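Engineer:
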Amino acid sequence: MKKINYKSRIIGVLIVIFVAVNAFLIFIDEHDEVDRKSYINEWSKSITYDLYEKLDTDGVFTSQESNHVYFDSDVGAFSEFLVEEGEIIEQGSDLYTYEVINYDQQETQLESEMDRLEEEITAIEDYIDEIQNYDISDSGSSSFFGNNTNDESKEHVRTEFQKEESIAHQAAELTKKEAMLEMVEDQLDQLQLDGKTITVTSPFGGVITEVSVTLESPLITLKSNDLQIEGKLNEKERKQVEPGMAANIKVEDMDLVWEGTLDAIQTFPEDIDVHRSSTYPYVISLDDSSDTILPGYHAEIEIITEESLGAVTALEDLLITDENIYAWVMDRNGLLERREIISGISENGLVEIKEGLSEGEWLAYQPKDEFRNGAPFFTPLKIHTLSLKEAVDSDSTDISRFVMMGLLAR
1 MKKINYKSRI
11 IGVLIVIFVA
21 VNAFLIFIDE
31 HDEVDRKSYI
41 NEWSKSITYD
51 LYEKLDTDGV
61 FTSQESNHVY
71 FDSDVGAFSE
81 FLVEEGEIIE
91 QGSDLYTYEV
101 INYDQQETQL
111 ESEMDRLEEE
121 ITAIEDYIDE
131 IQNYDISDSG
141 SSSFFGNNTN
151 DESKEHVRTE
161 FQKEESIAHQ
171 AAELTKKEAM
181 LEMVEDQLDQ
191 LQLDGKTITV
201 TSPFGGVITE
211 VSVTLESPLI
221 TLKSNDLQIE
231 GKLNEKERKQ
241 VEPGMAANIK
251 VEDMDLVWEG
261 TLDAIQTFPE
271 DIDVHRSSTY
281 PYVISLDDSS
291 DTILPGYHAE
301 IEIITEESLG
311 AVTALEDLLI
321 TDENIYAWVM
331 DRNGLLERRE
341 IISGISENGL
351 VEIKEGLSEG
361 EWLAYQPKDE
371 FRNGAPFFTP
381 LKIHTLSLKE
391 AVDSDSTDIS
401 RFVMMGLLAR
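The sequence shown begins at 1 in full-length UniProt numbering and counts up one residue at a time.
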């Protein structure tokens, strides 16, 4: 006959009674007089990180501008083309020649054209100086370039971008006018030296895309070598962007990446139709270009709609949404704190913490049903992180101090 193990049974009954009594005491503890602890198995640390919110779209490389060269049959008789379609030319390259019919009339016309271009160049230079001298910080409630919004920080950035954009646009226009003036001066020099045949040079560089053999205007069309990105955004995407936003451009098949700026986004859609979604064309300028890219190549675009540089961040899974967002924070006193959080933008599982956390604070993750506000917490001992050598080499005074700290903490 098998002998009954009364000792084991008694121990088992005592354990059950012990657990039941403790559970009952906790249940009736209305004033939190029973000291409770929180067990934390997983935790994570808040860090600083650069976060970006991006809008993904598609675009295509295009030439920045088309330029046209004309011929006035009233000033002479056309002789011949010196270029052909598809040819890449530089500024100052010979385009075509013509025979002068009326010397005096042509000389007067060229001199008048020179005077007009010189006046335009002076006006552009004065306008550039005016923009450069404009102090955005002293602009007050109105802007030199447009109306302010309620968000002063965003408005300052927008106005600064508009200022730089306007300067760049006028500088490009100035370069074009100076090149045209040089072309006219060259024609006048040829006229005064020869008096019969004039060779017209190009004020632009680029690719010859069209030559009008019938001499219809424009006589020659050029596309610039400088590229930009063009694309379209739908209504929802249009609400998220504004000029001046940074952009990343990628051509996947070629493993090439560029940085650029959203230069322009149309206010009006291409077509308005009740039964069709509206699309808004945009243009992105490139910070630099590459000879390997040709007009017509397609690209993947990331427009950075918002950024937070050096932000305090936490893993998204550590934040809990109730009426307000909060997190369980482990403080230096060994207590667990339920702390409300104000969050910002997020990226790849990381969330910007605007208020509620500092860099380097520890956040409890699992198991959440064990967390109690103001309760002491304890964590499992991770043997694999301990070094026997460090323990052996530790000073006996340090060992005694740590032992006493542990006993006093209990």
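Ideal Cβ placement from N, Cα and C applies to all residues, glycine included. The structure presented is a predicted model; accordingly, all values stated were derived computationally and were not measured.
Mark Phe71 as exposed unless 16 or more other C-beta atoms lie within 10 angstroms of its C-beta, in which case mark it buried.
Structural biologist: Residue environment for Phe71: buried (at least 16 other C-beta atoms within 10 angstroms of its C-beta).
Engineer: What separation, rounded to the nearest whole angstrom, lies between the Cα atoms of Asn348 and Ala172?
Structural biologist: 40 Å
Engineer: Quick check on DSSP: helix, strand or coil for Glu118?
Structural biologist: helix
Engineer: Suppose you measure from the CA of Ser143 to the CA of Asp135; what does that come to, to the nearest Å?
Structural biologist: No answer about Ser143 holds up, because its pLDDT of 48 lies below 50 and its placement is not dependable.
Engineer: Whose CA, out of Glu164, Arg276, Ile15 and Ile301, lies closest to the CA of Ser230?
Structural biologist: At residue 230 the sequence reads Glu, which differs from the Ser that was named. Closest option to Glu230, Cα to Cα, is Ile301.
Engineer: Where does the unbroken beta strand (DSSP E) through Glu307 begin, and where does it stop?
Structural biologist: His298 to Leu315
Engineer: If you measure between the beta carbons of Ala311 and Leu363, is that distance less than 8 Å?
Structural biologist: No; because the gap between Cβ atoms is not below 8 Å, this pair is not in contact.
Engineer: Could you say which of Gln240, Gly206, Glu237 and Lys45 lies nearest to Ser224 if we only look at CA atoms?
Structural biologist: Gly206
Engineer: Taking three-plus beta-carbon pairs below 8 Å as touching, is the stretch 39 to 54 in contact with the stretch 176 to 189?
Structural biologist: no
Engineer: When you compare each of Ile304, Gln105 and Asn373 to Leu51 by their alpha carbons, which one comes out closest?
Structural biologist: Ile304
Engineer: Could you spell out where the beta strand (DSSP E) holding Arg339 opens and where it closes?
Structural biologist: Leu336 to Glu340
Engineer: Just curious, the alpha helix (DSSP H) that Glu237 is in, first and last residue?
Structural biologist: Glu235 to Arg238
Engineer: Would Leu110 and Leu188 be called neighbours here (beta carbons separated by less than 8 Å)?
Structural biologist: yes
Engineer: Take the Cβ of Thr108 as the centre, count every other Cβ of all protein chains shown within 10 Å, and call the residue buried at 16 or more, exposed below.
Structural biologist: By the neighbour-count rule (16 or more Cβ atoms within 10 Å), Thr108 is not buried but exposed.
Engineer: Please check the pair Ile121 and Gln170, which I expect to be a contact at CB under 8 Å, by giving their CB distance rounded to whole angstroms.
Structural biologist: Not quite, the Cβ-Cβ distance comes to about 11 Å (not below 8 Å), so this is no contact.
Engineer: How long is the line joining the alpha carbons of Ile208 and Asp56, rounded to whole angstroms?
Structural biologist: 34 Å
Engineer: Any idea what DSSP makes of Ile198, helix, strand or coil?
Structural biologist: If DSSP states are grouped into helix, strand and coil, Ile198 belongs with the strands.
Engineer: Within 10 angstroms of the Cβ of Phe61, are there 16 or more other Cβ atoms? Answer buried if so, exposed if not.
Structural biologist: buried
Engineer: Decide if Met330 is buried, meaning its Cβ has at least 16 other Cβ atoms within 10 Å, or exposed.
Structural biologist: buried
Engineer: Let's see if you can read the secondary structure: which residues bound the beta strand (DSSP E) around Met330?
Structural biologist: Taken as a continuous stretch (DSSP letters only), the beta strand (DSSP E) holding Met330 covers Ile325 to Met330.
Engineer: Out of Ser166, Lys163 and Ser285, state which residue places its alpha-carbon closest to the alpha-carbon of Ile249.
Structural biologist: Selected option, being the one with the closest Cα: Ser285.
Engineer: May I ask which residues mark the beginning and end of the beta strand (DSSP E) holding His275?
Structural biologist: Secondary structure note for His275: it is in no beta strand (DSSP E), with a DSSP letter that is neither H nor E.
Engineer: How about Ile342 and Gly356: do their beta carbons lie closer than 8 Å?
Structural biologist: yes
Engineer: Can you tell me which residues form a DSSP beta bridge with Glu270?
Structural biologist: In DSSP, Glu270 forms no bridge with anything.
Engineer: Let's see if you can read the secondary structure: which residues bound the beta strand (DSSP E) around Ile220?
Structural biologist: Counting along the chain, Ile220 sits inside the beta strand (DSSP E) bounded by residues Ile220 to Lys223.
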